[in-house]
Amino acid sequence: MQHVKRKALIWLRNDLRLEDHYAFHNAAKKCERIVAYYAFDPKQFIVIPWGFKKTGKFRFQFLIETLKQLKEELAKKNISIIIECQSPEIGIPKWIDTMGITDFYFQKEWTHEEQNVSNRLRSKLSDDVLVHSFYDQFLFHPEDIPVEVENIPEVFTIFRKQCEKNCKVRHCHPEISCFPKENILNQDFKIPALADYGFEDIKLHPNSAFPFKGGCKAGRDRLNKYFWETKKLTYYKQTRNGLIGKDYSSKLSAWLANGSISARQIYWEVMKYEKEIKKNQSTYWMIFELIWRDYFKYISLKHGDKIFQLEGILTKKYNWITDKSKLYSWINGTTSEPFVNANMIEIKKTGWMSNRGRQNVASFFARELLMDWRIGAAYFESQLIDYDVHSNYGNWMYVSGVGNDPRDRKFDISWQAQKYDSQYKFQNLWLK
Ligand code: FAD
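Using the working numbering, the first residue of the sequence shown is number 9, and each one after it goes up by one.
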């Protein structure tokens with residue numbers, strides 16, 4: 009029998025790394041040739057009816073920096089990356105045909121838009137192509153958790169305790185070896201620039217709490233700084249509600265969101281830190297927060313499109329309004345609450361906001377202004393460097409009273425400002 013040369017195409021979306029990557033690891037074992045593929049899907053750059061782009065300039069900048077580093081990392085292994093500015097469901101089938109791809113790999117995404125794209129794409133592939141899709145974005149792998157997805161508890165603590173007791177985090181996939189030179193394509197693909205998408209150049213704001221660049225190397229550097237060099241991890245639980253500067257929390261969310269670092273990599277680094285430096289409540293809390301991240305992924309896996317519906321997963325009815333002038337006073341930081349305003353100006357100018365800030369501005373938007381919470385979530389989607397569909401919509405539902413908060417709470421904004429910004433340092437930073 010004639011030996012069939014196996015050629016893999018790896019479609020990258022929110023898994024923009026080479027290390028600890030299921031597809032690269034498995035395809036490298038199985039296939040003689042590998043090529044990676046990334047699409048800047050025009051659907052992600054439309055202007056939505058509320059007047060802003062679905063993907064804003066800060067996240068876009070972080071994304072192009074991420075791709076630049078990934079391209080370099082791949083080149084070291086003699087792997088090319090095809091980069092196109094078109095829908096992947098149009099681009100990929102053509103490459104599969106022309107290159108004679110035998111194996112097609114991609115990380116499973118289950119939210120509405122992402123699933124539509126993969127369904128359309130799969131329907132265009134010939135039956136001869138072997139399709140490998142997999143979950144690689146979780147801390148606790150879906151095959152390892154002790155409950156079926158449809159029975160995921162609606163209360164985080166129950167889920168966390170079940171997983172902590174009965175589930176182990178998998179080890180990272182080992183580094184792959186280098187492919188022969190013939191694996192490199194003789195075409196080089198350009199990464200678009202900000203101007204190609206109508207964005208102006210971004211100058212880092214001097215007050216930014218997120219002065220970092222995208223890319224797996226930058227993510228690894230941040231982790232090394234926060235954990236090993238400055239040992240801030242030892243104090244994380246005391247500082248995590250902070251508002252100013254780069255070190256009150258890890259800031260790893262942005263790399264996690266586009267997959268340039270994996271939750272497993274962070275987990276195993278915390279384990280190493282606990283062994284070699286210090287194990288305390290703060291080191292545990294980093295894992296605790298990573299479990300929150302997983303939890304929102306499982307909630308969206310369980311509830312599907314409900315996470316985008318007004319009544320949320322609780323199917324709870326409130327009288328929501330949609331008022332453009334209220335929306336823009338929130339966006340521009342001109343509401344009656346200075347603490348909300350300071351946070352909103354921060355996100356507008358930098359693409360970043362602390363967790364404490366996010367909770368307050370979201371609560372104000374949904375519970376005080378009574379605005380349709382999905383508009384606020386859509387603004388975060390556009391603006392946040394670390395936008396992640398599950399964490400964003402999950403947290404917004406939670407704060408808006410249609411999600412997983414067993415207590416029906418509304419933040420007392422002046423009390424919060426007094427507690428977390430008693431000297432007005434944060435408010436003065438953005439309002440003066
Ligand atoms: P750290 O405090 O250092 O935590 C470590 C990691 O744990 C984070 O990187 C993140 O992956 C995870 N984590 C921490 N808190 C949460 C949380 N509440 N929910 C889920 N995961 C968490 N996070 C996003 O990554 N993307 C979003 O789009 C997003 N939208 C949000 C919207 C609202 C309304 C709110 C209230 C929170 C949102 N969060 C979102 C969660 C949280 O604010 C950020 O993950 C956190 O501020 C990121 O900073 P960090 O990496 O320094 O976090």
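Glycine residues also receive a C-beta, built at the ideal position from the N, C-alpha and C atoms.
Where Glu158 is concerned, there is no enclosing beta strand (DSSP E), because DSSP gives it neither an H nor an E. The secondary-structure analysis by DSSP pairs Val397 with nothing; it has no beta-bridge partner. For Leu309, the uninterrupted alpha helix (DSSP H) run begins and ends at 289-311, by DSSP.
For Trp58, there is no enclosing beta strand (DSSP E), as DSSP marks it with neither H nor E.
If you draw a straight line from the Cα of Phe148 to the Cα of Ser333, it is about 43 angstroms long. Taking the Cβ atoms as the reference, Cys180 lies roughly 4 angstroms from Asp28, within the contact range of under 8 angstroms. Only residues of its own chain outside the window of five on either side were considered, and among them Ile321 have a CB closer than 6 angstroms to the CB of Lys314, listed in chain order. The straight-line gap separating the alpha-carbon atoms of Phe304 and Asn403 is approximately 8 angstroms. The shortest C-alpha to C-alpha distance from Ser390 to any of Lys189, Lys51, Phe164, Leu193 is the one to Lys51.
Within the same chain, Cβ atoms closer than 6 angstroms to the Cβ of His311 are found at Ile321, the five residues on either side in sequence being excluded. According to the DSSP secondary-structure assignment, Phe112 is paired through a beta bridge with Leu17, Val139.
Across the set Val157, Cys39, Leu75, the C-alpha of Val157 shows the shortest separation from the C-alpha of Ile307. By the Cβ-count criterion, Arg415 is exposed, with fewer than 16 other Cβ atoms from all chains shown falling within 10 Å of its own Cβ. Across the set Ser408, Ala271, Ala226, the C-alpha of Ser408 shows the shortest separation from the C-alpha of Tyr326.
The continuous beta strand (DSSP E) containing Tyr45 extends over residues 41-47. Around the beta carbon of Arg375, a 10 Å sphere encloses 16 or more other beta carbons of the protein chains shown; the residue is thus reported as buried. If you check the CB distance, Ala350 and Gln246 do not come in under 8 angstroms. For Met352, the three-state secondary structure derived from DSSP is helix. Remark: the shortest separation between the CB of Ala386 and any heavy atom of ligand 1 does not fall under 7 angstroms. CA-CA distance, Gly250 to Phe112, rounds to 44 angstroms.
Residue nearest to Val12 within the set Cys93, Gln77, Gly108, Phe66 is Gly108 (criterion: CA-CA distance). Where Glu92 is concerned, the enclosing beta strand (DSSP E) starts and stops at 88-92. Leaving aside the five residues that flank Gln170 on each side, the residues in its chain whose CB is nearer than 8 angstroms to its CB run, in chain order, Ile153, Pro154, Val155, Pro161.
DSSP, reduced to helix, strand and coil, places Met361 outside both helices and strands of the structure shown, so it counts as coil.
Just so you know, the alpha carbons of Ile353 and Asn34 end up roughly 45 angstroms apart.
Ala83 is classed as exposed because its beta carbon has fewer than 16 other beta carbons within 10 Å across all chains shown.
Gly227 sits away from Ser185, with the two beta carbons spaced by 8 angstroms or more.
For Met379, the pairing in a beta bridge is given by DSSP as Ile329.
Burial check for Gln424: the Cβ neighbour count within 10 Å reaches 16 or more, so the residue is buried. Taking C-alpha positions only, Phe220 is separated from Ser134 by approximately 42 angstroms. A Cβ-Cβ contact shorter than 8 angstroms links Ile42 with Ile18. When the alpha-carbon of Asp380 is set against those of Ile421, Gly411, Gly206, Thr330, the nearest one is in Thr330. Counting only residues of its own chain and dropping the five nearest sequence neighbours on each side, Trp263 has a CB closer than 6 angstroms to the CB of Gly227, Ile269. Take Gly411, set aside five residues on each side of it, and the residues of its chain with a beta-carbon closer than 7 angstroms to its own are Gly320, Ile321, Leu322, Gly402, Met405, in chain order. Going by DSSP, Phe70 is part of the alpha helix (DSSP H) stretching over 65-84. Ser399 has its alpha-carbon roughly 6 angstroms from the corresponding atom of Arg301.
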